[in-house]
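In the working numbering, the protein residues as written are -10 to 274. Everything below concerns the one structure shown next.
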Amino acid sequence: MKKLLFQFDTDIHPSVFDTVVAYDGGADHVIGHGGLTPETVRMLVEGAIFTRPPKEKKNTAIFIGGSNLRQGQALFEAVQKQFFAGFRVSLMFDSNGCNTTAAAAVAKLTKNHSLLGKKAVVLAGTGPVGQRAAVMLAKEGAHVLITSRSFADAESLCNDLKTKFNVNIGPIEAKDNIARAEAVSDANIVLSAGAAGIQLLKEEHWRGNSAIELIVDANASPPFGIGGIDMMDKGITLHDKVVWGALGFGSLKLALHRACITKLFETNTQLFDAENIYALAKEMA
-10 MKKLLFQFDT DIHPSVFDTV VAYDGGADHV IGHGGLTPET VRMLVEGAIF
40 TRPPKEKKNT AIFIGGSNLR QGQALFEAVQ KQFFAGFRVS LMFDSNGCNT
90 TAAAAVAKLT KNHSLLGKKA VVLAGTGPVG QRAAVMLAKE GAHVLITSRS
140 FADAESLCND LKTKFNVNIG PIEAKDNIAR AEAVSDANIV LSAGAAGIQL
190 LKEEHWRGNS AIELIVDANA SPPFGIGGID MMDKGITLHD KVVWGALGFG
240 SLKLALHRAC ITKLFETNTQ LFDAENIYAL AKEMA
């Protein structure tokens, strides 16, 4: 029986990236639906859960994607509300690569280093990857702060993360490179999660900082998020700090995404969100 992955996307056009990785992860067919909302998804879910007998439901799965994390989260929850008893299929949530990217980055940090008690600052932490990375760092025992150009936005997000994940994360307003340099002045870990092509920190703002031990830059489009770090840097030592560029940990991100897709078809009860995607990333790292 064919392994069918239904790609439910909140954007008008389902992500090509997610489609390619879905095939590489073992799906026989990927069927994309774009522009979905919690109000429009019910009939699609019913089509997925009612068509195959119990022992064959594992061959149908759903992937939630799109560029907007908040919309994706709402869609993820709406899909689950349609499941009941044995009428369900496996489900993965990874809007804008938030879970797989953050999980791969933090898993690389924890492979050879304890984060317990360390101060971690996530630059541009209100974005999809930044939010998830902040949660994972906090779960590892780090004292986590996120920066944003708006203190109100950062504070509101920290409250949301406290409610959803039971983690304590602090907000920092940092509107420019100078403010962000001040934000990381006594940090041990710096993770940049800003939009593509935007530099958040210059090399001069971190290279002489003796407090910083670990740096991750998730931006793969020049100019990179942190000056002086190349996207190919793979746990190298630079200015006495261990640094990772976006493609340096990107191979784990892709392998992790593929592995999650593969596991979706093992049973019809798999549920991949931040926590279990991160747990798998730590195993694979």
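In this text, a Cβ means the ideal position worked out from N, Cα and C, and glycines have one as well.
- For residue 213, the three-state secondary structure derived from DSSP is coil.
- DSSP places residue 160 outside any alpha helix (DSSP H); the residue lies instead in the beta strand (DSSP E), whose first and last residues are 158 to 162.
- An exposed status is given to residue 40, since fewer than 16 other beta-carbon atoms sit within 10 Å of its beta-carbon.
- Taking 8 angstroms as the cut-off, the beta carbon of residue 118 is found no closer than this to the beta carbon of residue 150.
- Here residue 29 is exposed, its C-beta having fewer than 16 other C-beta atoms within 10 Å.
- Distance from the CA of residue 171 to the CA of residue 90, rounded to the nearest whole angstrom, comes to 26 angstroms.
- Its chain contains 92, 93, 96 and 245 as the residues whose beta carbon lies nearer than 6 angstroms to that of residue 270, once the 5 sequence neighbours on both sides are disregarded; these appear in chain order.
- In chain order, 68 and 71 place their CB closer than 6 angstroms to the CB of residue 34, counting only its own chain and leaving out the 5 sequence neighbours on each side.
- Distance from the Cα of residue 248 is smallest, within the candidate group 75, 181, 81 and 48, for 81.
- A check of alpha carbon separations from residue 102 across 203, 239 and 223 identifies 203 as the nearest.
- With fewer than 16 neighbouring CB atoms inside 10 Å of its own CB, residue 1 falls in the exposed class.
- Taking a 10 Å sphere around the C-beta of residue 133, we find 16 or more other C-beta atoms and assign the residue as buried.
- Per DSSP, the continuous alpha helix (DSSP H) segment holding residue 100 begins and ends at 87 to 100.
- Separation of residue 10 and residue 225 (C-alpha to C-alpha, rounded to the nearest whole angstrom) is 28 angstroms.
- In this structure, residue 131 places its C-beta atom within 8 angstroms of the C-beta atom of residue 107.
- A residue is called buried once 16 or more other Cβ atoms fall within 10 Å of its Cβ, and residue 220 is buried on that count.
- Taking the C-beta atoms as reference points, residue 78 is found no nearer than 8 angstroms to residue 141.
- Boundaries of the alpha helix (DSSP H) harbouring residue 141: 140 to 154, taken from the DSSP string.
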